[in-house]
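These notes are about the structure you will find just below.
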Amino acid sequence: MSLPLLLGGDLDAFVADAFLVGAALFVVLAIALLYRVVKGPTMQDRVLAVNVLGTNTVVVLALLSVGLGEESLLDVALIYALLNFLMAVAISKFTVDRGGVI
Amino acid sequence: MSPGAIELVLFAFVLLTALATAAFRDVLAAIIVFAAYSLGMAIYYAVLLAPDVAMTEAAIGAGVTTLLLLLTIAKTVRPGRDEIFESIHWSGLLVVGAFTTVILVTVTSFPEIGASDAPIVSNPEVSQYYIEEAYHDTGVENAVTAVLAGYRGFDTFGEAVVVFAAGVATMVVLHTEVFTRD
Chain P
22 MSLPLLLGGD LDAFVADAFL VGAALFVVLA IALLYRVVKG PTMQDRVLAV
72 NVLGTNTVVV LALLSVGLGE ESLLDVALIY ALLNFLMAVA ISKFTVDRGG
122 VI
Chain Y
38 MSPGAIELVL FAFVLLTALA TAAFRDVLAA IIVFAAYSLG MAIYYAVLLA
88 PDVAMTEAAI GAGVTTLLLL LTIAKTVRPG RDEIFESIHW SGLLVVGAFT
138 TVILVTVTSF PEIGASDAPI VSNPEVSQYY IEEAYHDTGV ENAVTAVLAG
188 YRGFDTFGEA VVVFAAGVAT MVVLHTEVFT RD
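The listed protein sequences correspond, in order, to chains P and Y. Remember, my numbering sits 21 above the position in the first sequence when you count from 1. Remember, my numbering sits 37 above the position in the second sequence when you count from 1.
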């Protein structure tokens, strides 16, 4: 990626590229978070790490929505924001009192 | 920049989560890592510009599957967790590896993305027919809905029967009643 502003390039394409690069960096962060999911050591560590991964996913989807010019991806991000919360509550409830998920 | 770089990083993420899901001995840990795998796949579908599939993955993969698997281990037993990872079954790994290699070899024979000689582009008669005649035939404005509920109505009805039966079976297993008698 060069500096298109100095070279007289397309500003919109540059902004879209910047959002895509940002999304790629957040996915790199997701791989770093995966260390805590795999390593643990307790189940609460894993639940929290997956919860943060879900929030990370919402951010990546929002950045992709701008970078790719697809507004419908924002709906997917919203669904994730809702379900991520539900998932964390379900797993937490399961680890506290076994058997009670819903 | 094409979304190539982000696809590469995503591929690494999805591969690592899939391997971790397979390798964990503790079932609860495997379910949690599987949720992370689903998050990666949803971003993958979004990068491939399939927001409807990404939405389904969000609802099914992250929400319903995790809940169903949790309910399953709540109703059954959870094996002991004396060791974190499963010991690798080498002969099984060999068979799966050979199968994966065979599948990967066939990938090269797919047409390029956006290629003009891809079957769907070079033979547009079928898709063109539905786009032009769907409203006239069924009276439904959305072509996808027309195909699902009109042309393939019996197929969709069969699917609905299967989903309904699965829902009833789940409620029977869980001993829950939606409608209670007063």
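Idealized CB from N, CA, C, for every residue including glycine. The structure displayed is predicted, hence computed values, not measured ones.
{"query": "Beta-carbon spacing of residue 57/Y, residue 105/P below 8 Å", "result": "no"}
{"query": "4-residue-minimum alpha helix (DSSP H) runs that sit fully inside the stretch 118 to 201 of chain Y, ordered along the chain", "result": "127 to 144, 156 to 159 and 162 to 175"}
{"query": "Residue 88/Y burial status per 10 Å Cβ neighbour count (16 or more: buried)", "result": "buried"}
{"query": "Range covered by the alpha helix (DSSP H) that runs through residue 62/P", "result": "No alpha helix (DSSP H) contains residue 62/P, which DSSP labels as neither H nor E."}
{"query": "Under 8 Å between C-beta atoms of residue 97/P and residue 92/Y", "result": "yes"}
{"query": "Nearest to residue 174/Y (by Cα), restricted to the options 188/Y, 135/Y, 131/Y and 151/Y", "result": "188/Y"}
{"query": "Cβ-based contacts, 9 Å cut-off: residues of the stretch 52 to 74 of chain Y near chain P", "result": "53, 54, 57, 60, 61, 63, 65, 66, 68, 69, 70, 72 and 73"}
{"query": "Where residue 43/Y meets chain P, residues with beta-carbon distance less than 7 Å", "result": "41, 44, 45 and 48"}
{"query": "Validate contact between the stretch 110 to 118 of chain P and the stretch 124 to 141 of chain Y using beta carbons, cut 8 Å, 3 pairs", "result": "no"}
{"query": "is_contact[residue 150/Y, chain P] using C-beta, thresh 8 Å", "result": "no"}
{"query": "Residue 203/Y versus residue 37/P: straight-line alpha-carbon distance, rounded", "result": "44 Å"}
{"query": "Segment contact, 8 Å Cβ cut-off, at least three pairs: the stretch 106 to 116 of chain Y with the stretch 72 to 92 of chain P", "result": "no"}
{"query": "Boundaries (first-last residue) of the alpha helix (DSSP H) holding residue 103/P", "result": "94 to 117"}
{"query": "Continuous alpha helix (DSSP H) stretch holding residue 79/Y: start and end", "result": "64 to 84"}
{"query": "Residues that DSSP places opposite residue 61/Y in a beta bridge", "result": "122/Y"}
{"query": "Burial state of residue 56/P, where buried means 16 or more other Cβ atoms lie within 10 Å", "result": "exposed"}
{"query": "Under 7 Å from the C-beta of residue 95/Y: neighbouring residues of chain P", "result": "97, 100, 101 and 104"}
{"query": "C-beta neighbour in chain P for residue 113/Y, strict 8 Å", "result": "no"}
{"query": "For residue 80/P, the three-state DSSP class (helix, strand or coil)", "result": "helix"}
{"query": "Near-chain P residues of the stretch 99 to 112 of chain Y - C-beta to any C-beta below 7 Å", "result": "99, 100, 103, 104, 107, 108 and 111"}
{"query": "Residues of the stretch 74 to 94 of chain P whose Cβ lies closer than 7 Å to any Cβ of chain Y, in chain order", "result": "74, 75, 78, 81, 82, 85, 89, 91, 93 and 94"}
{"query": "Partners in chain Y for residue 53/P, counting only beta-carbon separations shorter than 9 Å", "result": "Those within 9 Å of residue 53/P in chain Y number zero; the least Cβ separation is about 10 Å."}
{"query": "Residue 63/P burial status per 10 Å Cβ neighbour count (16 or more: buried)", "result": "exposed"}
{"query": "Nonlocal neighbours in the same chain, by C-beta distance under 7 Å from residue 81/Y, ignoring five residues either side", "result": "47 and 51"}
{"query": "Inter-residue Cα distance where the pair is residue 221/Y and residue 54/Y", "result": "Any property of residue 221/Y remains undetermined from this structure, which presents chain Y solely from 38 to 219."}
{"query": "As assigned by DSSP and simplified to three states, the class of residue 89/Y", "result": "helix"}
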